[in-house]
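Working notes for the structure below.
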Amino acid sequence: PSAMPSNFIYDAVRSDVEQGKRDGRVQTRFPPEPNGYLHIGHAKAIVVDFGVATDFGGICLLRLDDTNPETEEASFVESIIEDIEWLGYEPADVRYASDYFQQLYDWAEELIRKGVAYVDDQDGDAISAGRGGFGKPGVNSPFRDRSVEENLALFRNMRAGKYADGSRVLRAKIDMNHENMQLRDPVMYRIRKVPHHRTGDDWAIYPNYDWAHGQSDAIEGTTHSLCTLEFESHRPLYDWFLEQLGVEGGPRQYEFARLELTHTITSKRRLARLVMDGVVDGWDDARMPTLRGLRRRGYPPAAIRQFMREVGTTRTNSRQSIEALESYVRRELNVTSQRRMAVLNPLKLRITNWPVDENGRPVVEHFELTNNPERPEDGTRQVEFTGELWIEQDDFREVPPPKYFRLSPGREVRLRGAYFVTATDVVKDADGEVVEVLATYDPASKGGNSPDGRKVKSTMHWVSAAHAVPLTAALYERLFTTEAPGEATGEALDDLNPNSREIVQGWAEEALAEAQPGEVVQFERLGYFAADLDQPMLFHRTVGLRDEWAA
Ligand code: ATP
Ligand code: MG
Ligand code: MG
Numbered sequence: 004p005s006a007m008p009s010n011f012i013y014d015a016v017r018s019d020v021e022q023g024k025r026d027g028r029v030q031t032r033f034p035p036e037p038n039g040y041l042h043i044g045h046a047k048a049i050v051v052d053f054g055v056a057t058d059f060g061g062i063c064l065l066r067l068d069d070t071n072p073e074t075e076e077a078s079f080v081e082s083i084i085e086d087i088e089w090l091g092y093e094p095a096d097v098r099y100a101s102d103y104f105q106q107l108y109d110w111a112e113e114l115i116r117k118g119v120a121y122v123d124d125q126d127g128d129a130i131s132a133g134r135g136g137f138g139k140p141g142v143n144s145p146f147r148d149r150s151v152e153e154n155l156a157l158f159r160n161m162r163a164g165k166y167a168d169g170s171r172v173l174r175a176k177i178d179m180n181h182e183n184m185q186l187r188d189p190v191m192y193r194i195r196k197v198p199h200h201r202t203g204d205d206w207a208i209y210p211n212y213d214w215a216h217g218q219s220d221a222i223e224g225t226t227h228s229l230c231t232l233e234f235e236s237h238r239p240l241y242d243w244f245l246e247q248l249g250v251e252g253g254p255r256q257y258e259f260a261r262l263e264l265t266h267t268i269t270s271k272r273r274l275a276r277l278v279m280d281g282v283v284d285g286w287d288d289a290r291m292p293t294l295r296g297l298r299r300r301g302y303p304p305a306a307i308r309q310f311m312r313e314v315g316t317t318r319t320n321s322r323q324s325i326e327a328l329e330s331y332v333r334r335e336l337n338v339t340s341q342r343r344m345a346v347l348n349p350l351k352l353r354i355t356n357w358p359v360d361e362n363g364r365p366v367v368e369h370f371e372l373t374n375n376p377e378r379p380e381d382g383t384r385q386v387e388f389t390g391e392l393w394i395e396q397d398d399f400r401e402v403p404p405p406k407y408f409r410l411s412p413g414r415e416v417r418l419r420g421a422y423f424v425t426a427t428d429v430v431k432d433a434d435g436e437v438v439e440v441l442a443t444y445d446p447a448s449k450g451g452n453s454p455d456g457r458k459v460k461s462t463m464h465w466v467s468a469a470h471a472v473p474l475t476a477a478l479y480e481r482l483f484t485t486e487a488p489g490e491a492t493g494e495a496l497d498d499l500n501p502n503s504r505e506i507v508q509g510w511a512e513e514a515l516a517e518a519q520p521g522e523v524v525q526f527e528r529l530g531y532f533a534a535d536l537d538q539p540m541l542f543h544r545t546v547g548l549r550d551e552w553a554a
């Protein structure tokens with residue numbers, strides 16, 4: 004575990020704990036709306052919410068903020084729970100805002116009785132217009148001064164489903180000229196005769212975010228309600244509701260900056276467009292910034308957690324570079340992943356002086372290669388070597404350009420862990436394309452060693468053609484070409500990269516067939532590749548061995 008972060012939230016929590024506020028308890032919550040899949044931005048909130056609780060010996064609940072029945076589904080609830088678990092956190096409990104609908108309703112009647120909430124018959128447009136704007140005073144609703152009795156009767160009828168959707172709302176009665184627009188009589192309830200995925204047809208009215216959120220926090224015993232900066236202007240309203248209800252020593256809201264990444268979007272609506280338009284295969288496509296996508300891509304949860312902690316929690320919105328996140332991914336995978344050899348653009352290499360056995364068949368040798376130099380306890384594996392091998396097309400040039408030190412006619416290179424070989428000739432097809440490289444090997448260089456101290460400038464990976472297993476590799480470019488998608492036109496989808504994925508067929512050493520679904524292996528010299536979760540021998544390139552995007 005990394006060191007305790009130092010930031011304004013930790014400072015506030017530490018100070019509260021030291022002063023014994025709320026009995027020195029620390030309780031947070033992660034409050035997603037179950038209307039889509041979690042993405043990398045949510046990971047930031049999860050790491051902050053769970054991290055603060057854990058670091059101070061407290062607890063973090065998962066609260067499904069399920070107050071919009073039109074867009075929410077039970078299946079999203081399940082995916083959210085699974086994704087949080089994948090990221091490495093376990094909620095102390097799973098709660099639903101809908102569990103509190105009755106309590107919220109009762110409290111709303113209490114506010115009506117106190118004379119601080121009223122039923123407004125205006126439609127949405129009239130309510131918006133009446134709110135005014137910055138430097139522009141609001142106008143009281145003609146329904147603002149209804150009696151408590153009338154308001155109670157109307158509100159009960161709203162609840163009983165006697166009015167049409169959108170025909171009335173319940174509003175808090177605060178101040179139509181308040182400098183903070185959130186306090187200009189915010190809506191608490193709206194009529195929606197839509198079945199809810201948990202409460203069915205029980206309710207014809209649903210609480211708005213501001214009314215549901217702080218009160219849910221209070222019911223659960225949240226001490227520190229952490230959310231993103233866009234809710235800063237809601238904080239006075241959050242406090243106002245608690246004060247009206249006489250809640251003392253209740254939750255406090257703290258806001259932190261959203262996490263945005265270069266070349267990435269986190270808008271659920273736009274991510275949904277990518278899925279609907281078939282730009283990606285689904286929410287769990289390896290190019291998606293959803294946690295499911297990152298999982299398929301091979302991002303280790305530990306790398307995501309560490310990145311989120313170390314990037315810090317501030318009150319200034321900024322865009323982090325995706326290369327920074329990738330460096331955490333690479334650092335983690337370097338330690339955890341097995342090394343394998345795979346050739347993704349195969350070219351045949353034939354060793355002309357390779358020996359045959361007494362039956363006239365090419366000799367097969369076995370080399371013992373280290374699985375992971377970073378973790379010797381992972382042991383070694385046997386890799387077969389014969390006279391016909393696959394090498395990368397890029398590793399041979401008939402006419403080598405300047406500073407090209409890989410294989411070319413007359414040049415000697417090392418085949419990793421096996422032998423030195425020298426290219427002698429090529430075989431071409433009718434179009435003049437090189438289809439085979441002929442070479443000789445030096446038996447004295449067995450194991451890739453140089454008995455006479457001879458130097459070669461290049462070490463290449465290879466796969467024995469007779470023993471190779473076929474694989475499919477998905478190679479990725481950025482899903483968006485620009486660092487801040489949509490910055491120029493306002494529409495992120497304008498910056499989509501039309502060529503974000505390339506599928507290639509290659510060959511790998513036999514041991515690769517044992518990779519478990521989701522396992523990430525390092526293909527020597529090519530990068531880290533994640534075994535698909537469903538399709539055998541499909542590998543997604545997680546990230547390269549070094550930052551290839553820097554230039
Ligand atoms: P959308 O507006 O696309 O529906 P949302 O932000 O409203 O997304 P929620 O499911 O309500 O999504 O979010 C749950 C929690 O995750 C909230 O506390 C929210 O502030 C936080 N969150 C969402 N996106 C980010 C982000 N990019 N960075 C940090 N926290 C985020
Ligand atoms: Mg939300
Ligand atoms: Mg939202």
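One rule links them: number in full-length UniProt numbering = place in the sequence shown (from 1) + 3.
Each residue gets a CB set at the ideal place from its N, CA and C atoms; glycine is no exception.
Can we count residue i as close to ligand 4, meaning its CB is less than 7 Å from some heavy atom?
i	result
Ser270	The ligand content of the structure shown is limited to ligand 1, ligand 2 and ligand 3, which means ligand 4 is not among them.
Would you mind stating whether residue i and residue j have Cβ atoms separated by less than 8 Å?
i	j	result
Leu478	Glu505	yes
Leu496	Arg322	no
Asn143	Val122	no
residue 1	Gly509	Shown here, the chain extends from 4 to 554; a query on residue 1 therefore has no answer.
Ser228	Arg255	yes
Glu73	Val197	yes
Gly252	Arg17	no
Leu441	Thr355	yes
Leu541	Asp535	yes
Glu545	Gly301	Contrary to the premise, residue 545 reads as Thr rather than Glu in this sequence. Yes, they are a contact pair.
Phe234	Glu258	yes
Val332	Pro303	yes
residue 556	Val119	The structure shown does not extend to residue 556, since the chain is modelled only from 4 through 554, so no value can be given for it.
Arg272	Gly54	no
Leu548	Ala511	no
Using the beta-carbon count (16 or more within 10 Å), is residue i buried or exposed?
i	result
Asp360	exposed
Ala421	buried
Arg193	buried
Val50	buried
His369	exposed
Pro539	exposed
Ala167	exposed
Thr267	buried
Pro4	Residue confidence is low: Pro4 scores 49 on pLDDT, short of 50, so the model does not pin down where it sits. No coordinate-derived value is stated.
Thr31	buried
Asp68	buried
Phe104	buried
Asp397	exposed
Gln385	exposed
Phe310	buried
Val97	exposed
Give me the Cα-Cα distance between residue i and residue j, rounded to the nearest whole angstrom.
i	j	result
Thr443	Val437	17 Å
Ala554	Glu326	Only weak support exists for where Ala554 lies, its pLDDT of 40 falling under 50; the coordinates are left without a value.
Glu490	Asp280	21 Å
Gln125	Val190	12 Å
Gln525	Val338	10 Å
Glu480	Phe423	34 Å
Arg364	Pro446	18 Å
Arg66	Ile222	12 Å
Ile83	Gly249	34 Å
Glu76	Lys406	59 Å
Gly296	Leu274	11 Å
Pro404	Asp86	49 Å
Taking residue i and residue j to be in contact with their CB atoms under 8 Å, please state how far apart those CB atoms are, rounded to whole angstroms.
i	j	result
Ser411	Ala426	6 Å
Gly224	Tyr241	With 8 Å as the limit, Gly224 and Tyr241 do not qualify as a contact, their Cβ atoms being about 16 Å apart.
Ala260	Arg187	No, Ala260 and Arg187 are not in contact; Cβ-Cβ is about 26 Å, not under 8 Å.
Ala305	Glu335	6 Å
Considering only DSSP beta bridges, list what residue i is partnered with.
i	result
Ala511	Ala345 and Val472
Gln30	Ile62
Tyr192	Leu173 and Pro210
Lys431	Val437
Gln309	None; Gln309 has no bridge partner.
His227	Arg255
Thr425	Glu415 and Thr443
Lys351	Trp393 and Glu439
Arg504	Tyr479
Between residue i and chain D, is any beta-carbon pair separated by less than 8 Å?
i	result
Pro358	Annotation note: the requested chain D is absent from the structure, which comprises a single protein chain.
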